[in-house]
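Q: Handing you this structure, nothing more for now.
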């Protein structure tokens, strides 16, 4: 999943480091991804 287009999109807005920190936090907190995933909202 770290090389997914979803994470690339997040990194385009937030930067790679912040995107990976968010991803790692989501994994630790057992968030779900893709079809069964949690919502992502950008301002």
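In the working numbering, the protein residues as written are 2 to 44.
Every residue gets a Cβ at the ideal spot worked out from N, C-alpha and C, and that includes glycine.
Keep in mind the model is a prediction, meaning the values are calculated, not measured.
Kindly indicate which three-state DSSP category residue 22 falls into: helix, strand or coil?
A: The answer is helix: DSSP assigns residue 22 an H, G or I state.
Q: Residue 17 by DSSP, collapsed to three states: which one?
A: In the structure shown, residue 17 sits in a helix (DSSP, three-state: H, G or I).
Q: Just to confirm my understanding: we take residue 4, look at its own chain, exclude 5 residues before and 5 after, and list those with CB closer than 8 Å. What are they?
A: Excluding positions up to five away in sequence, the list is empty.
Q: Let me know the secondary structure DSSP gives residue 122 once reduced to three states.
A: Residue 122 cannot be examined here, being either before or after the span of the chain that is shown, 2 to 44.
Q: Measure the C-alpha to C-alpha separation of residue 7 and residue 31 and round it to an integer number of angstroms.
A: Using only the alpha carbons, I get a separation of about 17 Å.
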